[in-house]
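Protein chains in written order, with the numbering used here: chain E, 1 to 190; chain Z, 191 to 380; chain H, 381 to 570; chain G, 571 to 760.
Number of protein chains: 4
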Amino acid sequence: MRKKDESKNGAIYESTVQLVLEKGLAGVTMCDISKAAGIATGTLYIYFSNKEALMNKVFNICRKESASFYLNDYSPLDPFDVGFRKIFNNIVTYRLQHFEKFIFLEQCYHSPFITEDVRKDSLKYLNPIFDLLQKGKDDHIIKDLDDALLLGYIIGSVNEVIKKAHYGNKSLDHKKIAQLYQLCYDGILA
Amino acid sequence: MRKKDESKNGAIYESTVQLVLEKGLAGVTMCDISKAAGIATGTLYIYFSNKEALMNKVFNICRKESASFYLNDYSPLDPFDVGFRKIFNNIVTYRLQHFEKFIFLEQCYHSPFITEDVRKDSLKYLNPIFDLLQKGKDDHIIKDLDDALLLGYIIGSVNEVIKKAHYGNKSLDHKKIAQLYQLCYDGILA
Amino acid sequence: MRKKDESKNGAIYESTVQLVLEKGLAGVTMCDISKAAGIATGTLYIYFSNKEALMNKVFNICRKESASFYLNDYSPLDPFDVGFRKIFNNIVTYRLQHFEKFIFLEQCYHSPFITEDVRKDSLKYLNPIFDLLQKGKDDHIIKDLDDALLLGYIIGSVNEVIKKAHYGNKSLDHKKIAQLYQLCYDGILA
Amino acid sequence: MRKKDESKNGAIYESTVQLVLEKGLAGVTMCDISKAAGIATGTLYIYFSNKEALMNKVFNICRKESASFYLNDYSPLDPFDVGFRKIFNNIVTYRLQHFEKFIFLEQCYHSPFITEDVRKDSLKYLNPIFDLLQKGKDDHIIKDLDDALLLGYIIGSVNEVIKKAHYGNKSLDHKKIAQLYQLCYDGILA
DNA sequence: GATGAATGAGGGTTCATTCAT
DNA sequence: GATGAATGAACCCTCATTCAT
Numbered sequence: 001m002r003k004k005d006e007s008k009n010g011a012i013y014e015s016t017v018q019l020v021l022e023k024g025l026a027g028v029t030m031c032d033i034s035k036a037a038g039i040a041t042g043t044l045y046i047y048f049s050n051k052e053a054l055m056n057k058v059f060n061i062c063r064k065e066s067a068s069f070y071l072n073d074y075s076p077l078d079p080f081d082v083g084f085r086k087i088f089n090n091i092v093t094y095r096l097q098h099f100e101k102f103i104f105l106e107q108c109y110h111s112p113f114i115t116e117d118v119r120k121d122s123l124k125y126l127n128p129i130f131d132l133l134q135k136g137k138d139d140h141i142i143k144d145l146d147d148a149l150l151l152g153y154i155i156g157s158v159n160e161v162i163k164k165a166h167y168g169n170k171s172l173d174h175k176k177i178a179q180l181y182q183l184c185y186d187g188i189l190a
Numbered sequence: 191m192r193k194k195d196e197s198k199n200g201a202i203y204e205s206t207v208q209l210v211l212e213k214g215l216a217g218v219t220m221c222d223i224s225k226a227a228g229i230a231t232g233t234l235y236i237y238f239s240n241k242e243a244l245m246n247k248v249f250n251i252c253r254k255e256s257a258s259f260y261l262n263d264y265s266p267l268d269p270f271d272v273g274f275r276k277i278f279n280n281i282v283t284y285r286l287q288h289f290e291k292f293i294f295l296e297q298c299y300h301s302p303f304i305t306e307d308v309r310k311d312s313l314k315y316l317n318p319i320f321d322l323l324q325k326g327k328d329d330h331i332i333k334d335l336d337d338a339l340l341l342g343y344i345i346g347s348v349n350e351v352i353k354k355a356h357y358g359n360k361s362l363d364h365k366k367i368a369q370l371y372q373l374c375y376d377g378i379l380a
Numbered sequence: 381m382r383k384k385d386e387s388k389n390g391a392i393y394e395s396t397v398q399l400v401l402e403k404g405l406a407g408v409t410m411c412d413i414s415k416a417a418g419i420a421t422g423t424l425y426i427y428f429s430n431k432e433a434l435m436n437k438v439f440n441i442c443r444k445e446s447a448s449f450y451l452n453d454y455s456p457l458d459p460f461d462v463g464f465r466k467i468f469n470n471i472v473t474y475r476l477q478h479f480e481k482f483i484f485l486e487q488c489y490h491s492p493f494i495t496e497d498v499r500k501d502s503l504k505y506l507n508p509i510f511d512l513l514q515k516g517k518d519d520h521i522i523k524d525l526d527d528a529l530l531l532g533y534i535i536g537s538v539n540e541v542i543k544k545a546h547y548g549n550k551s552l553d554h555k556k557i558a559q560l561y562q563l564c565y566d567g568i569l570a
Numbered sequence: 571m572r573k574k575d576e577s578k579n580g581a582i583y584e585s586t587v588q589l590v591l592e593k594g595l596a597g598v599t600m601c602d603i604s605k606a607a608g609i610a611t612g613t614l615y616i617y618f619s620n621k622e623a624l625m626n627k628v629f630n631i632c633r634k635e636s637a638s639f640y641l642n643d644y645s646p647l648d649p650f651d652v653g654f655r656k657i658f659n660n661i662v663t664y665r666l667q668h669f670e671k672f673i674f675l676e677q678c679y680h681s682p683f684i685t686e687d688v689r690k691d692s693l694k695y696l697n698p699i700f701d702l703l704q705k706g707k708d709d710h711i712i713k714d715l716d717d718a719l720l721l722g723y724i725i726g727s728v729n730e731v732i733k734k735a736h737y738g739n740k741s742l743d744h745k746k747i748a749q750l751y752q753l754c755y756d757g758i759l760a
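Laid out in structure tokens, this is it:
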């Protein structure tokens, strides 16, 4: 990957993510991406050796970005309920504001493009969240359950509700989000 | 005269669902399916006019089968907590026993193969579940929230936890399932 | 070719000719023909060993039928001008009344379905016409030219005018036909 | 950067026209054409979006080329008989020298490849010929008949005679052509 | 590095023909 | 004989990737 023009990378990322939202992972062609990014098809192969590498790279960037987004305004020193609320809201907000990236990440999880290694590796970005959950468990605020179970429970419900709303053309207002928060929070409480 | 071999329909369904699990909806070819079903490619087109029709048909069958499975052993006369537990367990069990169909359904929901009409139409199979939720709300057992929100919350968390477990090669034992149940149930309680 | 039901032969001929008019020789499928003839596809192969054989057979029948039609009401004893007018009108009338057969014959002439042998063989049906032309030449009524040239000249102009009229949705009235006759007749006059 | 190789267009045209002569319009495959043109199948689709577009393009080129050929050495100032003779000879010569294009044009006229619009549009190339016929009519040299009838009569007879000669493996010598000219000319004379 | 023309394997689909009933 | 399901080669077209400029 010889990098000449860093701005092209950005254009490629954005085009890829947007096109995957519109056409699905398998429905997007390298030609589509290059056109949307304003470059030639061949140029794509200067930046990425092939489609899989491109998708993996974009996946990783989204993964990091989203994990980082989840921690906006959050401090490990926050009390559990404050921290949990912040992170929950960040998770929701990321999906609403960057729906295309959310869907891209979703599509990647069940795709041959994303290798098992990459998938596992990406878990590490969520460590601060696992730490928060641990604190909640240590303080007997929340149920003492497996991290994967707790996070899967929360992330799964948020994902589903947001997708349902989006594809049903019903926007999620603050009230609905607060209700979803309450569902999740009441669920994990010890 | 040779009659249409109805057993081929079954072979096609199973092959399709299994291959979609392995390769994704868009990654499956008609050639793959016919080979797996033990028939010639052209024969596939006797049973289904094209790939989209095939996928829609399999989708509908899975949809009905799953909805029916969810109601196993359930009676509308069951008290809310009993009925909810039965249905919850059925939802989980279906996903564990028919993981390939579960994934197939998941993939269909955000795919051009499934038309909007078919998607909406399939909601009707869930009516008994909506009725149960209504009873819970009427009896002030559970939170008085939108059906889509409640079901999205439950289904979403179940889906995510089961997929995480499957792809992480960790089987979900009865204990974990009971814990997930408790998370969901505590969440919806009024 | 085991013949059981002679009426099926007729149905096949008519369907074939009509379908070729609608879809062109190469655009017609054996399935189309069998459906239009009200029989099963396999049955077609009891009557004809393959598509080429079917087309050749229909071609031959049309060829004979048309040649015979050309001689309606004609007698070799007719004076040249009378005979020529009769035959000319018959040629025109056949094309107008049996446009589908006319087009079928046209399409066959430049098709791999019709072998060279069949094409040559079919010339013999036109012998009475050649005899008439010879009489005209012997009597110094018409130009002393090659038969193929004379017949090609007449048939070609008739074919073209009738096709142009048909596809341009302009019906050929008696006046136009008389004018065409005059063109041809004046042309051949010595 | 590699630029589109315009010579490929020519190779494609020639291959298409030649193959249509050999196999008929519907019998020619895109694969055939690409092989004959010395390029890959996919390359064909860089130059033409699909088979229909390719055929329409080649049709238009042949149409223009032939119409232009018909006017070789012709001047609108020529007296009628001189002009008619020139154009008649050009029409014949084009068919003899470019038999494959002549047949290609013939096949196109009754084919779904050629849209009605294209067919009608192509008539305009023949305007100088219609003008000549009008002059002949105005000067009472030829019969005062419909243009379509006059042209159909001439073109039809020429087409038929040339095809008969070609497929009967008999070359048309100058004498035969002169005879055909006399047939047509005597026919149209007032 | 950048371009986009060129490639050809592979996808969905059709259809002449065969074959079990 | 009649049927129509079954077959698989072949068709049109797409697209990830390469390569000449």
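In this text, a Cβ means the ideal position worked out from N, Cα and C, and glycines have one as well.
Between the CA atoms of residue j and residue i - distance to the nearest angstrom
i, j, result
"ILE582 (chain G)", "LYS523 (chain H)", "45 Å"
"TYR315 (chain Z)", "SER258 (chain Z)", "8 Å"
"LYS175 (chain E)", "LEU614 (chain G)", "57 Å"
"CYS678 (chain G)", "ASP691 (chain G)", "14 Å"
"LYS164 (chain E)", "CYS221 (chain Z)", "33 Å"
"MET550 (chain G)", "LYS466 (chain H)", "Outside the shown range of chain G, which is 571 to 760, sits residue 550 (chain G), and nothing can be said about it."
"PHE238 (chain Z)", "GLU196 (chain Z)", "13 Å"
"LEU721 (chain G)", "PHE658 (chain G)", "11 Å"
"ASP687 (chain G)", "VAL400 (chain H)", "23 Å"
"PHE700 (chain G)", "THR396 (chain H)", "38 Å"
"GLY27 (chain E)", "PHE303 (chain Z)", "12 Å"
"ALA420 (chain H)", "SER414 (chain H)", "6 Å"
"ILE719 (chain G)", "ASN630 (chain G)", "Per the sequence shown, residue 719 (chain G) should be read as Leu rather than Ile. Answer to the nearest angstrom: the Cα atoms are 23 Å apart."
"GLY612 (chain G)", "GLU584 (chain G)", "18 Å"
"LYS193 (chain Z)", "LYS247 (chain Z)", "21 Å"
"ARG633 (chain G)", "LEU513 (chain H)", "36 Å"
"GLY273 (chain Z)", "SER256 (chain Z)", "17 Å"
"HIS110 (chain E)", "TYR94 (chain E)", "21 Å"
"LYS431 (chain H)", "ASN507 (chain H)", "30 Å"
"PRO646 (chain G)", "THR495 (chain H)", "45 Å"
"ARG499 (chain H)", "ASP527 (chain H)", "17 Å"
"TYR153 (chain E)", "ALA178 (chain E)", "17 Å"
"ILE426 (chain H)", "ASP453 (chain H)", "38 Å"
Residue i, enclosing alpha helix (DSSP H) - first and last residue
i, result
"ASP131 (chain E)", "127-138"
"ASN729 (chain G)", "717-737"
"ARG192 (chain Z)", "Note, ARG192 (chain Z): premise wrong, no alpha helix (DSSP H); not H, not E."
"ILE170 (chain Z)", "Since the first residue of chain Z shown is 191 and the last is 380, residue 170 (chain Z) is not available in this structure."
"ILE483 (chain H)", "479-489"
"ALA190 (chain E)", "Here ALA190 (chain E) belongs to no alpha helix (DSSP H), and DSSP marks it neither H nor E."
Nearest-angstrom Cβ-Cβ length linking residue i and residue j, presumed shorter than 8 Å
i, j, result
"GLN208 (chain Z)", "GLU296 (chain Z)", "Contact doesn't hold; Cβ gap of about 15 Å is too wide."
"LEU180 (chain E)", "VAL158 (chain E)", "7 Å"
"LEU666 (chain G)", "ILE732 (chain G)", "7 Å"
"ASP566 (chain H)", "GLY757 (chain G)", "5 Å"
"GLY516 (chain H)", "PHE460 (chain H)", "4 Å"
"GLY738 (chain G)", "GLU540 (chain H)", "No, GLY738 (chain G) and GLU540 (chain H) are not in contact; Cβ-Cβ is about 19 Å, not under 8 Å."
"ALA572 (chain H)", "LYS388 (chain H)", "Nothing about residue 572 (chain H) can be read from this structure; chain H reaches only from 381 to 570."
Ordered list of alpha helix (DSSP H) runs contained in the stretch 9-89 of chain E, each at least 4 residues: 30-37, 41-47, 51-70
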